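Since the structure comes first, as structure tokens, the remarks are kept for the end.
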Amino acid sequence: MEIRESILQKLTEIEQREAVTILHAVESGSRSWGFASPDSDYDVRFVYVRRESDYLRLEKQRDVIEWELNDVYDLSGWDLTKTLRLLHSSNPTLHEWCNSPVVYRTTDFFARVQETARAYFSVRTGAMHYLGMAKSNYRNYLQGETVRLKKYYYVLRPIFACRWVLSERCAPPMAFSELTDAAAPQTLRPLIAELTARKMQTPELGEGGRIPELGAYIEESLAELEEILRQTPPDEQPPWAPLNRLFLDGIRFGETK
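Residues 1366 to 1622 (my numbering) make up the sequence shown, in order.
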């Protein structure tokens, strides 16, 4: 069975066993970034809605479904309630799910969620998320004399995404190539392209000595972006009303399926 067909089958199984309707399902990991290794797993993320009666019960229900985690598949999803609450706070992960180029399933209703998400995007929240990710990964993985070379991607991608957010004032694209074209210095692009080709051809990029050119760019970028964000004012609190209406419409949509 082809991988995509297997994933679609698993999504249908989730709907049947959990009594939910899946509104949107995408790839969220390195396969959506465009530099997956041959042995990369499939990071499938989805948004679902339950039956109306489930939302009228007094007992609490989990707002997350964690379905499968092994060497091939990693499937998990968020309830529509969790999704819209996180949308109100401009959760960057949710914006990435909305922008993933690898879509397994979607619905007309979720197209409305995506349209609403654009209006709720916070430049400061998004930029701070990516800057924090870059700083954490740089501190944790790229400090020794020998480093895991693939970790450069987990620092460079959020740096490029942060630059995109600050310049374009919208959620960044998922594809690493788009971010590189928009934000990477011309002098570093051949080096990045060489690393990308190696990563996509081997199960693990392996370890190697630190790359001075990339290290210098990363340290300069982190300091620069931190100063920019220090001077960026917080966003105004967005309204709840459109999200409340969207939630009710989502329940009605699920009842028709």
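Beta carbons: idealized from backbone N, C-alpha and C, even for Gly. These numbers were taken from a predicted model, which means no experiment stands behind them.
8 Å Cβ cutoff met for residue i and residue j
i       : j       : result
Arg1483 : Leu1376 : no
Phe1411 : Tyr1518 : no
Thr1545 : Arg1554 : yes
Leu1452 : Ala1492 : no
Tyr1420 : Ile1387 : no
Cys1535 : Ala1499 : no
Leu1587 : Tyr1503 : yes
Glu1591 : Arg1416 : no
Ala1558 : Phe1525 : no
Asp1428 : Lys1447 : yes
For residue i, the nearest candidate out of the options (CA to CA)
i       : options                               : result
Thr1355 : Gly1580, Arg1422 and Met1565          : In the structure as shown, the chain starts at 1366 and stops at 1622, and residue 1355 therefore has no counterpart that could be examined.
Gln1426 : Ala1562, Glu1383 and Leu1451          : Glu1383
Val1467 : Leu1452, Trp1398 and Ala1547          : Trp1398
Ala1390 : Lys1515, Gly1442, Ala1526 and Ala1499 : Gly1442
Ile1379 : Pro1523, Arg1422, Asp1444 and Arg1522 : Asp1444
Glu1533 : Leu1587, Val1488, Arg1575 and Gly1509 : Val1488
Leu1608 : Leu1449, Glu1578, Ala1558 and Gln1508 : Leu1449
Asp1600 : Tyr1485, Ser1405 and Lys1447          : Tyr1485
Arg1369 : Arg1610, Leu1440 and Ala1499          : Leu1440
Val1575 : Ala1548, Leu1507 and Thr1552          : Note on identity: in this sequence residue 1575 is Arg, with Val being the wrong assignment. Nearest option by C-alpha distance: Leu1507.
Residue i burial status per 10 Å Cβ neighbour count (16 or more: buried)
i       : result
Ile1372 : buried
Trp1529 : buried
Trp1605 : exposed
Val1437 : exposed
Pro1538 : buried
Ile1583 : buried
Ser1501 : exposed
Lys1622 : exposed
Spatial neighbours of residue i in its chain, beta-carbon cut-off 6 Å, leaving aside the 5 residues before and after
i       : result
Arg1513 : Glu1572
Arg1522 : Phe1541
Own chain, CB closer than 7 Å to residue i, minus 5 neighbours either side, in chain order
i       : result
Ser1393 : Asp1408, Arg1410, Glu1461, Trp1462 and Ser1465
Pro1603 : His1453 and Tyr1485
Close-in-space but distant-in-sequence residues of the same chain around residue i (CB under 8 Å, 5 per side omitted)
i       : result
Pro1577 : none
Gly1509 : Arg1575
### Message
Does the structure place the region 1447-1461 close enough to the region 1553-1566 that three or more beta carbon pairs sit under 8 Å?
### Response
no
### Task
Evaluate contact between the region 1611-1620 and the region 1472-1482, counting only Cβ atoms and requiring at least three cross-stretch pairs below 8 Å.
yes
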